[in-house]
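Notes follow the structure.
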Amino acid sequence: KDRWSGLSGGPSRVELVAGETRQILRQARAAMVASGTATIETALMECPQIVVYKTSWATYVAGKMLVRVPHLGMVNLVAGRRLCPELIQGAATPAALASAVEPLLADTPERAAMLEGLREVSRALGSGGAAERAAAILLEELT
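Numbering-wise (our numbering), the sequence shown opens with residue 490 and increments by one.
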């Protein structure tokens with residue numbers, strides 16, 4: 490929190506909260522989520538999301554050479570399509586993030602379609618043992 494105050498120049502409307510991810514996702518209109526398992530957790534909370542991934546250029550290039558998947562977001566891999574927008578590396582600019590999340594904040598057709606897709610992902614993973622089913626789906630994508 491002290492670091493944020495230093496970066497932001499003082500008090501702001503942003504509140505940093507730790508350890509309450511699920512409660513926050515249930516209340517959020519939308520989220521910007523780092524690619525990986527967090528996208529699955531966000532999907533299971535039925536929270537519309539933008540998948541964001543930025544890393545060093547060398548790591549990104551090495552990853553692209555080693556792993557060939559159609560999407561980086563696990564939610565999109567499980568969905569079998571680009572359900573949630575992915576902003577990767579240089580595409581993850583403040584303007585692009587704002588543009589991608591804006592239609593998810595209001596009751597728009599884009600938000601409704603994403604919510605239905607997230608429910609499909611949730612049904613595909615089922616209750617209990619979702620991690621194992623997600624792993625099986627991802628292994629199938631990788632092979």
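Note that CB positions come from ideal geometry on N, CA and C, so glycine has one too.
The structure presented is a predicted model; accordingly, all values stated were derived computationally and were not measured.
For the beta strand (DSSP E) containing residue i, list its first residue and its last residue.
| i | result |
| --- | --- |
| L561 | Segment: none, L561 is in no beta strand (DSSP E) and carries neither H nor E. |
| Q538 | Q538 to Y542 |
From what residue to what residue does the alpha helix (DSSP H) around residue i run?
| i | result |
| --- | --- |
| M603 | P598 to L614 |
| A584 | P583 to L594 |
Report all residues from its chain with a CB closer than 8 Å to the CB of residue i; omit the five preceding and five following residues, and keep chain order.
| i | result |
| --- | --- |
| T528 | V522, Q538, V540, G562, M563, V564, N565 and C573 |
| L578 | One point to set straight first is that residue 578 is Gln, not Leu, in the sequence displayed. For Q578, where only same-chain residues beyond five positions count, the Cβ hits under 8 Å are Y542, K543, T544, W546 and Y549. |
| L604 | E535 and P537 |
Looking at the structure shown, is residue i part of a helix, part of a strand, or coil, going by DSSP?
| i | result |
| --- | --- |
| V506 | coil |
| L572 | coil |
| A634 | Outside the displayed range of the chain (490 to 632) lies residue 634, so it cannot be described from this structure. |
| M554 | helix |
| R511 | helix |
| E535 | coil |
| A547 | helix |
| A625 | helix |
I'd like the list of long-range same chain contacts for residue i, defined as Cβ closer than 6 Å, with 5 residues on each side in sequence excluded.
| i | result |
| --- | --- |
| A532 | V564, L607 and V610 |
| A581 | V541 and K543 |
Does the beta-carbon of residue i have 16 or more other beta-carbons within 10 angstroms, so that it is buried, or is it exposed?
| i | result |
| --- | --- |
| E575 | buried |
| L514 | buried |
| M554 | exposed |
| V567 | buried |
| A587 | exposed |
| A602 | exposed |
| A589 | buried |
Who are the Cβ neighbours of residue i in its own chain at under 7 Å, not counting the five residues just before and after it?
| i | result |
| --- | --- |
| L594 | R518 and A519 |
With which residues is residue i paired in a DSSP beta bridge?
| i | result |
| --- | --- |
| I577 | Y542 |
Would you say residue i lies against chain C (beta-carbon separation less than 7 Å)?
| i | result |
| --- | --- |
| A585 | Although the question refers to chain C, the structure presented lacks it and comprises just one protein chain. |
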